[in-house]
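Anchor point for the sequence shown: position 40 equals 41 in the numbering used here, and the numbering is continuous, going up by one each time.
From the three backbone atoms N, C-alpha and C, an ideal C-beta is built for every residue, glycine too.
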Amino acid sequence: MQPIDHFCCQNPDCPDRGSRGQGNLFFRGWSGKGKRIRMIFCRSCKAHFSERKGTVLEQSRLPDRKVLDVLNHIREGCGTRGTSRMVGVDKNTVTRYVLMAGTHAKSLHPELVAFSPSDPRSPGR
Ligand SMILES: [Zn+2]
């Protein structure tokens, strides 16, 4: 489990949105099947949100460990079917998580990577 300092407020109207370690966030309550997902409260804007909000785990029905297993297998170069067999989830589930992780990573890419070679498959970029 991640400590509270790893999170930031997800409310777009919050003055502390995106800031970590400001002391505005607290774990308060649980959510999900078996109450395994922590809820976070922001003292600055009074919003509650899931610890998964804004992550690739948002809307996920699989346990965190299983999602990370799927993505770690893909990261190491395993194919969709191989990952499906090794982790024990349907191949369509693997594909869905790969798409979610890709979409999530794409939004971070322009902020974190100084230069990307042009991609001939996407003209105009
Ligand atoms: Zn907030």
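Okay, do the stretch 48–62 and the stretch 11–23 touch, 3+ Cβ pairs below 8 Å being the bar?
Contact between the stretch 48–62 and the stretch 11–23 is present: 3 or more CB-CB pairs across the two stretches fall below 8 Å.
Whether SER45 touches PRO64 by CB criterion (7 Å)
Taking the sequence shown and counting its residues from 1, the one referred to as residue 45 is at position 44. Taking the sequence shown and counting its residues from 1, the one referred to as residue 64 is at position 63. Against a cut-off of 7 Å, the Cβ pair of PRO64 and SER45 comes out as no contact.
Taking 7 Å as the limit between beta carbons, can you name the residues of its chain near VAL88, skipping five residues before and five after?
Start at 1 with the first residue of the sequence shown, and residue 88 comes out as number 87. Result list for VAL88: LYS67, ASP70, VAL71 and HIS74, in chain order.
Check whether the Cβ atoms of VAL95 and THR104 sit closer than 7 Å, and answer yes or no.
On the sequence shown, residue 95 is found 94 positions in, with the first residue counted as 1. On the sequence shown, residue 104 is found 103 positions in, with the first residue counted as 1. No.
Please go through the stretch 45–89 and give each complete alpha helix (DSSP H) segment of 4 or more residues, from N-terminal end onward.
Secondary structure within the stretch 45–89: the alpha helix (DSSP H) runs of 4 or more consecutive residues, fully enclosed, are 65–76 and 81–88 (chain order).
Around ligand 1, which residues pass a check of Cβ closer than 7 Å to any of its heavy atoms?
Going by the Cβ distance cut-off, the answer is CYS10, ASN12, CYS15, ASP17, ARG18, ASN25, CYS43, SER45, CYS46 and ALA48.
N- and C-terminal bounds of the beta strand (DSSP E) containing ARG39
To locate residue 39, count along the sequence shown from 1; it is residue 38. That run of the beta strand (DSSP E) goes 38–43.
Enumerate in chain order the residues of its own chain whose CB-to-CB distance from ARG29 is below 8 Å, with the five nearest sequence positions on each side excluded.
Residue numbering aside, residue 29 sits at position 28 when the sequence shown is read from its first letter. Excluding residues up to 5 positions away in sequence, MET40, ILE41, PHE42 and HIS49 lie with their Cβ nearer than 8 Å to the Cβ of ARG29 in the same chain.
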